[in-house]
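> Okay, so the sequence shown: first residue is 73 according to our numbering, each after it adds one.
Positions of the beta carbon are idealized from the N, C-alpha and C atoms, including for glycine.
A single structure is presented below for examination.
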Amino acid sequence: LLQIDVRNRYGNLANGVDDIQSHQWFSGTNWIGIYQRQVEAPFVPKTKGPGDASNFKEYEEEPRKKI
């Protein structure tokens, strides 16, 4: 999934998403439950509300690039 070259990236190979879903690391994953939003997240960080970035290290904003 982290391959820079998309031609070698899981999910973009001949079998598409099936390559990801059938990978051993994801064995036991309830894909239908995820799709139906029935699976609870393994970790939910505490926040003070929408936009709270206190769980992240400080960083400098970069100017947005024009497309």
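1) Identify whether V111 lies in helix, strand or coil by the three-state DSSP scheme.
2) Looking at the structure shown, is D91 part of a helix, part of a strand, or coil, going by DSSP?
3) Assuming Q92 contacts Y82 under a Cβ cut-off of 8 Å, what Cβ separation, rounded to an integer in Å, is found between them?
4) Throw me the rounded Cβ distance for the N127 and P117 pair, which I believe falls under 8 Å.
Let me spell this out:
1) coil
2) helix
3) Note on residue identity: the sequence assigns Ile, not Gln, to residue 92. Contact holds; Cβ gap of about 5 Å.
4) 5 Å
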